[in-house]
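S.K.:
Residue numbers (this note's numbering): 422 to 613.
(1) Do residue 465 and residue 569 have their beta-carbon atoms positioned less than 8 Å apart in this structure?
(2) Please look up how many angstroms separate the CB atoms of residue 529 and residue 543, rounded, as I've assumed it's under 8 Å.
(3) Give a yes or no on whether 8 Å exceeds the smallest Cβ distance from residue 564 to chain D.
(4) What's the C-alpha gap between residue 596 and residue 478?
(5) With respect to the alpha helix (DSSP H) encompassing residue 551, which residues constitute its N-terminal and C-terminal limits?
(6) Would you kindly work out how many angstroms separate the C-alpha atoms of residue 589 and residue 600, rounded to a whole number?
(7) When the Cα atoms are used, what is the spatial distance from residue 549 to residue 515?
(8) From the DSSP output, which residues share a beta bridge with residue 533?
(9) Going by beta carbon distance, what residues of the same chain come within less than 7 Å of residue 587, once the five residues before and after it are set aside?
(10) Measuring only the C-alpha atoms, how far is residue 481 from residue 566?
(11) Could you pull the start and end residues of the alpha helix (DSSP H) that residue 584 belongs to?
(12) Go to residue 489, then tell me how far its alpha helix (DSSP H) extends in each direction, as first and last residue.
(13) When you compare each of 594, 563, 559 and 498 to residue 577 by their alpha carbons, which one comes out closest?
(14) Give the range of the alpha helix (DSSP H) segment to which residue 512 is assigned.
(15) Residue 489: buried (16+ other C-beta within 10 angstroms of its C-beta) or exposed?
(16) Whose CA, out of 527, 522 and 555, lies closest to the CA of residue 533?
(17) Would residue 538 pass as a contact of residue 492 if the rule is Cβ separation under 8 Å?
(18) In angstroms with no decimal places, state the Cα-to-Cα distance between residue 423 and residue 563.
(19) How long is the line joining the alpha carbons of residue 499 and residue 521, rounded to whole angstroms?
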């Protein structure tokens with residue numbers, strides 16, 4: 422199966438397992454693949470096997486990428502917030518990042534609650550303050566996909582602190598993060 426292809430689909434453009442039931446307590450596309458997203462409590466329930474979990478994660482990535490395709494087909498222009506609107510957004514969380522809870526200071530991102538790439542509108546009530554790092558990592562993941570990322574990340578961190586198998590994971594992450602940081606080092610620009 423192609424990494425970008427939806428599980429169970431022979432086409433990249435349409436994913437047959439996406440079956441959302443309006444008013445349903447559970448996301449049927451997740452249930453059909455063994456996982457469920459309990460909308461009333463915001464919980465992501467695990468599929469019964471590792472294989473179904475991997476398939477669910479691929480499916481969620483596919484849905485997000487399909488959203489990107491739809492978004493690019495009818496782009497919306499991004500608009501900046503006025504100083505007054507930024508004050509309003511910042512006041513909602515008392516000057517804290519809505520992702521990690523830390524103080525944001527003067528340099529913060531106005532993060533879309535519903536991602537711009539997913540059709541989120543340019544409206545003050547669709548923004549919350551976030552650190553640049555938190556906003557960058559939150560990206561445009563849907564709620565279920567982001568919950569899986571948090572759950573996997575917390576589990577991985579616990580195992581990285583332990584000796585044994587977590588040591589290899591820690592080493593791989595350490596190298597990944599060092600390479601990522603090297604790419605982000607601001608370069609001095611010469612004048613033309």
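Every residue gets a Cβ at the ideal spot worked out from N, C-alpha and C, and that includes glycine.
M.R.: Based on what the coordinates show:
(1) yes
(2) About 17 Å separates the two Cβ atoms, so there is no contact after all.
(3) The structure shown has no chain D; it contains just one protein chain.
(4) 24 Å
(5) Careful: residue 551 lies outside any alpha helix (DSSP H), inside the beta strand (DSSP E) at 548-551.
(6) Counting only the Cα atoms, residue 600 lies some 17 Å from residue 589.
(7) Cα to Cα, residue 549 sits roughly 11 Å from residue 515.
(8) Within the DSSP secondary-structure output, residue 533 pairs in a beta bridge with 548.
(9) 580 and 581
(10) 6 Å
(11) Premise fails: residue 584 is in no alpha helix (DSSP H) and is neither H nor E.
(12) 471-494
(13) 594
(14) 504-513
(15) exposed
(16) 555
(17) yes
(18) Low confidence applies to residue 423: its pLDDT is 40, below 50, so where it sits in the model is not reliable, and the reading given next is rough at best. Roughly 22 Å separates the two Cα atoms.
(19) Between the alpha carbons of residue 499 and residue 521 lies a gap of roughly 25 Å.
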